[in-house]
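See the structure below:
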């Protein structure tokens, strides 16, 4: 499996299109045809996805232009992104659950 195939397989369930995967590859200066052979390759790709989605998530839910529409499954992405953040030991800055305290109401 190549880097591009890995990214496509990982992101396909969320409705992320090929053009976005191509942008991720370009932005992160990855070689799309490099084979995923080691744990280090997998870790690199997971970190790549985490970095790129920290850019995409604040601005994308639905994109419509000229009769063409793209929708991402945001709930599935939220769960995946949170799980990935935990696995990588990173902060989940977009989907942290907030705690409301009523200690000092007045």
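Residue numbers (this note's numbering): 5 to 110.
Glycine included, every Cβ here is placed at the ideal spot set by N, Cα and C.
Handout entry: alpha helix (DSSP H) segment containing residue 95, residue limits
Key = From DSSP, residue 95 is part of no alpha helix (DSSP H); its letter is neither H nor E.
Problem - Residues near residue 53 by beta carbon distance below 8 Å, same chain, minus five either side - result: 11, 14, 15, 28 and 88
Handout entry: residue 97 versus 80, 55 and 77, residue with shortest Cα-Cα distance
Key = 55
Exercise for the section: For residue 39, name the three-state secondary structure that DSSP assigns. Expected result: strand
Exercise for the section: Work out the CA separation of residue 7 and residue 35 for me, nearest whole Å. Expected result: 7 Å
Problem - Opening and closing residue of the alpha helix (DSSP H) in which residue 8 lies - result: 7-15
Practice task
Look up residue 25 in the DSSP assignment and say whether it is helix, strand or coil.
Solution key: helix
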